[in-house]
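S.K.:
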Amino acid sequence: MLIRATVNGAECALDVSPAMSLLTLLRDELELTGSKNACEQGECGSCSVWLDGELVCSCLVPAMQAHGCDVRTVESLATNGDLHPVQDAFLAAGAVQCGFCTPGLVVAAADLLARDPHPTDEAIREALAGNLCRCTGYQKIIDAVRLAEEAIA
Amino acid sequence: MSVKERGGIGQSARRVDGEPKVTGEYAYGSDLRTENMLWGATVRSPHASARILAIHAEPIRHMDGVACVLAAADLEHAKTFGLEFCDQPVLAEDVVRFRGEAVAVVAAETYEQARLAAASLVVDYEPLPAVTDMEQALELDAPRVHHFGNVLRHVHIDHGDPADAFADVWVEGYYETAMQDQAALGPEGGLAVPAADGGIDLYAVTQWIHIDRQQIAPCLGLPEEKVRITLAGVGGAFGSREDITMQIHACLLALRTHRAVKMVYGREESFHGHVHRHPSRTWLRLGATHDGKLVAGEARLLMDGGAYASSSPAVIGNAATFAVGPYEVENVRVEGTVVYTNNPPCGAMRGFGAPQVCFAYEAAMDELAAKLGMDPIDLRLRNAVKTGSVLPTGQVLEGSAPLREVIERCRAIPLPEEAPVAGRDAIAYPGGAGNVSRGESLKRGVGFAVGFKNIMYSEGYDDASEATVSLRPSPAGPVASIRTAAVDYGQGLYTILAQIVRTELGVEQVLLEPSTSGVGSAGSTSASRQTTMTGGAVLMACREIRAALGNEELTRPITRTCTYHHRATTPLDEHGQGSPHVSFAFVAQRVVAEVDEELGLVRVVQVATVQDAGRVLNPQGATGQVEGGTAQGLGLALTEEIQLVDGAIRNASFTDYLIPTILDVAPVVTEFVEEPELDAPYGVKGIGELATVVSTAAVVAALRDATGRTLNRVPVHPDDLVGIRSEATTSGPAPVPDVPGQKSIPEYLGLGLGQSMLMKASDT
């Protein structure tokens, strides 16, 4: 079926199959491979995107549900070559190792700071509890959120 | 040329590959695509052990979009592969030996068509008796996984005589560890593109490009130079990308169809498609004098290697040589066996045999301290090895060994304040986000553990690394470039190499060329070896460039290629004596944890780690390795277990296989002891594995302190902590198999065709 959606500010008309996930649509049809597929079950958060401003695991969203919606992915965060403060903070804090979870965590952290500009440690942990990282042990990810908080304030 | 230190060694330089990783542009194996490509899919065995009676491929060939179906009968060249022995079929031929073994591969126009075709392939099997328990595998009438029997390698170490040793106090324990998954987030994946010259261009994830090529080329019937491998982005590895997964399959399909073929594993397939950490059983006896001097150690180790050899022989070699810990013990006897079973194959994972025995010997040390009435940290200090100590293999510890300082500094890190039990945020209780407790029956425990591990490959293996550095003038100043086949799967090697070049050549601009098979081997990114080995090769090349330039101005490009070799090691002799390891690194860790004794839930409060690093080249990267490594050890202590029933993985998903989340980890306080290692570039020691080696033992020590329970099996379940499940029991040590040692059994049978022979072949 044909759907219309706005993806990272661009209007798109897309032919999607009923079984297709939003993640597959983004990765295979639109070649936006920043959103990653690591678990296919909404457990790891590597595919996190915004659907009408709401943080979702795009692997769990049927593509056709994006009809009429505004979809924003990690690719929307850096503008004109300037990194988003969260992206810069992840680099400064050493919160990136293999990087596979990073796009999802950057999106989730940016979402947190947009909702809650000065989160408690508990709020950071709770907000990022749906994002698995196998490399860092998460400590530097918390550091990165704190750095981004300062940069945004 | 002035040496500018910006981003040089000793500084927390930013990752050279960081920016594309935070923007999403970095291309991992699963992100690759090209015009007109096919998708590959794998058909896997539903049986742990069965005879293949028939594969009904013909109907599949006529399905929509299907371009190719391949089974064993279609293979025209080498039919097996393997890291140490080529004992694993590319596609199962007469029998399948584990549930999940590849039986056929399919290529089709779309991913869905390929998956549907694979799922539709009918294979007739005759199920055979399976052996899925490592002790059962040693029984004489057990089903044989391979025709030559079930023992893969037996290692024997005899040093002094424990039976004659005068010990006042003995402790004896039995310990079990589960099969752990590396759980790298980035799946196996890549793209094989047939070339006009009849060769193949493969873009894939791996830990060692050249060992992949040496296994792939014979299976394609191609000379190695026609198998050109370029590293794709690797989304973590931790050992799981040392072995071949989809590489040969994708190349075979591409050569057969004359089209590019992409293969990517989903998470469930990934659990079946790569090797895991060996489950282990350890029987350990330690004897000491009244004043706490260890005088005897006896260990019986058994590991489940699964259906194929992978790197199991090296893993049991490591475990056996580390079995009594980093302590001076004059009388030691170790019997270590790794067996074949019909379980999924096991191989490399961060720590490589060391975490399993660390869990055992550190539990025994705590028990010994209690029996002696000694402080457990004092007991460790009393027996800690130092430079000049003799290890159970007879190897004299020649390099740096600041274990005492490591232990004392870890002990000195202030304990965290005890938070009041009442009135916390819900997530600060065990079981946190589940909001199940207000801390009604909270017990706090403190555990301490020490661990050690070898750096670089062992037992006589020369895992050399080649690197090329160029320095050329440019209008914007001198530019250096580094060319190597080394793999950075996230740990930060490329950044370290750039830091070395900045420091040595005094340049700001350092380019890293893609890692390919077009240059000499860099060896594997494993065994904590790359900073020493490829770092060493880059350092040599830089110094040759400096010598060539002298005091002249840079007017023309200068290029140097160097190969770094580590100090030679020896195999174990018939008594398990020799100098099998190059270098050792040491670690101590103290864990504070809270246990809810009614719910059996755990909250780790703080982890304090002091690690021997030789010299720290990038402090931020180094602490990142300790923090991440700790999380993996904590996972094995508390939640991570591949659950097997009759050889079938019951939890092949991130819903059911539980890796630590941000709610499960605690703040990690990390310090390094920097005592330069002999002969190593800048005095470095690899840092990637140590925290994983020790943290399982340290976490469980804290749980024992909190609960007073034995806890001799990991992961520790809530049932263990509330006392519903009894401790792991044994009817006594497993029998020592009647086989030759110290080599692997396939080697005695002439089945060797693994990495050592292939390395020799490639040298000629």
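Just so you know, the sequences run in chain order A and B.
Under this note's numbering, think of the first position of the first sequence as 1, with each following residue one higher.
Under this note's numbering, think of the first position of the second sequence as 1001, with each following residue one higher.
Glycine included, C-beta positions come from ideal geometry on N, C-alpha and C.
(1) Around the Cβ of B/P1420, are there at least 16 other Cβ atoms within 10 angstroms (buried) or fewer (exposed)?
(2) Please classify B/H1062 as buried or exposed, where buried requires at least 16 neighbouring CB atoms within 10 angstroms.
(3) Extract the residue ranges of the beta strand (DSSP E) inside the stretch 1494 to 1571 of chain B, only unbroken runs of 3 or more that lie entirely within it.
(4) Which residues in the same chain have their Cβ closer than 7 Å to the Cβ of B/R1144, if we skip the five residues on either side of it in sequence?
(5) When DSSP labels each residue in this structure, what does B/H1249 get in the three-state scheme?
(6) With 8 Å set as the bound, which would you pick, yes or no: does the beta-carbon of A/E54 sit closer than that to a beta-carbon of chain B?
(7) Would you kindly work out how many angstroms separate the C-alpha atoms of B/A1072 and B/T1080, rounded to a whole number?
(8) Which residues in chain B sit within 7 Å of A/C101, going by Cβ to Cβ distance?
(9) By the three-class DSSP mapping on this structure, what secondary structure does B/R1061 have?
(10) Quick one: grab the DSSP three-state call for A/C57.
(11) Whose CA, out of A/T24, A/I3, A/D111, lies closest to the CA of A/D15?
(12) Interface residues of chain B around A/V16 at Cβ under 7 Å?
(13) Less than 8 Å between the beta carbons of B/V1487 and B/Q1207, yes or no?
(14) When burial is assigned at 16 or more other CB atoms within 10 Å of the CB, is B/P1223 buried or exposed?
(15) In terms of residues, what are the limits of the alpha helix (DSSP H) holding B/R1409?
(16) Verify whether the separation of the beta carbon atoms of B/A1698 and B/Q1589 is less than 8 Å.
(17) Which partner residues does B/P1194 have in the DSSP bridge list?
(18) Would you say B/E1440 and B/E1594 are within 8 Å of each other, going by their C-beta atoms?
(19) For the stretch 128 to 147 of chain A, which residues have a CB atom closer than 9 Å to at least one CB atom of chain B, in sequence order?
(20) Just the C-alpha distance for B/I1500 and B/A1622, rounded to the nearest angstrom, thanks.
(21) Please determine, among A/R134, A/S21, A/K140, A/A5, the residue with the shortest C-alpha to C-alpha distance to A/Q87.
(22) DSSP has B/Y1125 in a bridge; who is on the other side?
(23) Could you tell me if B/H1276 is buried or exposed, where buried requires 16 or more neighbouring beta carbons within 10 angstroms of its beta carbon?
(24) So B/T1282 packs on B/A1360, CB below 8 Å; how close in whole Å?
(25) Quick one: what's got a C-beta closer than 6 Å to B/G1325's C-beta in the same chain, skipping five residues either side?
(26) With B/C1358 as the anchor, note down where its alpha helix (DSSP H) starts and where it stops.
(27) Kindly list, in the order they appear in chain B, the residues whose Cβ is closer than 7 Å to that of A/E21.
(28) Going along the chain, which residues of the stretch 29 to 53 of chain A sit with their C-beta nearer than 9 Å to a C-beta in chain B?
(29) Determine which residues share a DSSP beta bridge with B/I1649 and list them.
(30) Between which two residues does the beta strand (DSSP E) holding A/I3 run?
(31) Going by the beta-carbon positions, is the gap between A/S48 and A/G104 smaller than 8 Å?
(32) Going straight from the alpha carbon of B/K1262 to that of B/A1114, what length do you get?
(33) Looking at the strands, I want to know which residues DSSP matches up with B/I1229.
(34) Compare the beta carbon distance of B/E1459 and B/P1580 with 8 Å and say whether it is the shorter of the two.
(35) Taking one C-beta from the stretch 34 to 45 of chain A and one from the stretch 90 to 104 of chain A each time, how about it: are there three or more such pairs within less than 8 Å?
(36) Residues of chain A with CB closer than 9 Å to the CB of B/R1015, please, in chain order.
M.R.: This is what the structure holds:
(1) It counts as exposed.
(2) With fewer than 16 other Cβ atoms from the protein chains shown falling within 10 Å of its own Cβ, B/H1062 counts as exposed.
(3) Scanning the stretch 1494 to 1571 of chain B for uninterrupted beta strand (DSSP E) segments of 3 residues or longer gives 1509 to 1512, 1558 to 1564, listed from N- to C-terminal end.
(4) Correct list, in chain order: N1150.
(5) Looking at B/H1249 - three-state DSSP - the assignment turns out to be helix.
(6) No, because no Cβ of chain B sits closer than 8 Å to the Cβ of A/E54.
(7) Rounded to whole angstroms, B/A1072 to B/T1080 spans 10 Å at the Cα level.
(8) Under the 7 Å cutoff, chain B gives L1185.
(9) B/R1061: helix per DSSP, three-state reduction.
(10) In this structure, DSSP gives A/C57 an extended state, which the three-state scheme calls strand.
(11) Considering only A/T24, A/I3, A/D111, the residue with the shortest C-alpha distance to A/D15 is A/I3.
(12) Residues of chain B with a Cβ closer than 7 Å to the Cβ of A/V16 do not exist; the shortest Cβ-Cβ separation is about 13 Å.
(13) A contact, by the Cβ cut-off of 8 Å.
(14) Around the C-beta of B/P1223, fewer than 16 other C-beta atoms lie within 10 Å, and the residue is accordingly described as exposed.
(15) Run containing B/R1409: 1403 to 1412, per the alpha helix (DSSP H) assignment.
(16) A contact, by the Cβ cut-off of 8 Å.
(17) Answer by DSSP bridge pairing, in chain order: B/I1200.
(18) Judged by their CB atoms, B/E1440 and B/E1594 are not nearer to each other than the 8 Å cut-off.
(19) Listed in sequence order: L128, A129, G130, N131, L132, C133, R134, C135, T136, G137, Y138, Q139, K140, I141, I142.
(20) Those two C-alpha atoms are separated by around 15 Å.
(21) It is A/K140.
(22) Per the DSSP secondary-structure output, B/Y1125 pairs in a beta bridge with B/I1052.
(23) So B/H1276 ends up on the buried side.
(24) With a Cβ gap of about 4 Å, B/T1282 and B/A1360 count as contacting.
(25) Residues of the same chain with a CB within less than 6 Å of the CB of B/G1325, apart from the 5 flanking positions on each side, are Y1361 in chain order.
(26) B/C1358 -> alpha helix (DSSP H) spans 1354 to 1372.
(27) Rather than Glu, the amino acid found at residue 21 of chain A in this sequence is Ser. Ordered by position in chain B, no residue passes the 7 Å Cβ test against A/S21, which lies about 12 Å from the chain.
(28) So the close ones are E31, L32, T33, G34, S35, K36, N37, A38, C39, E40, Q41, G42, E43, C44, S46.
(29) Partner(s): B/L1644.
(30) Looking at the DSSP string, the run of the beta strand (DSSP E) that includes A/I3 is 2 to 7.
(31) Cβ distance < 8 Å, so A/S48 and A/G104 count as in contact.
(32) Distance between the alpha carbons of B/K1262 and B/A1114 is about 11 Å.
(33) The partner list for B/I1229 (beta bridge, DSSP) reads B/L1202.
(34) Contact annotation: B/E1459 and B/P1580 have beta-carbon atoms nearer than 8 Å.
(35) Yes, since at least three Cβ pairs between the stretch 34 to 45 of chain A and the stretch 90 to 104 of chain A fall closer than 8 Å, the two stretches touch.
(36) Going along chain A in sequence order, the residues near B/R1015 (Cβ under 9 Å) are L91, G94, V96, Q97, G99.
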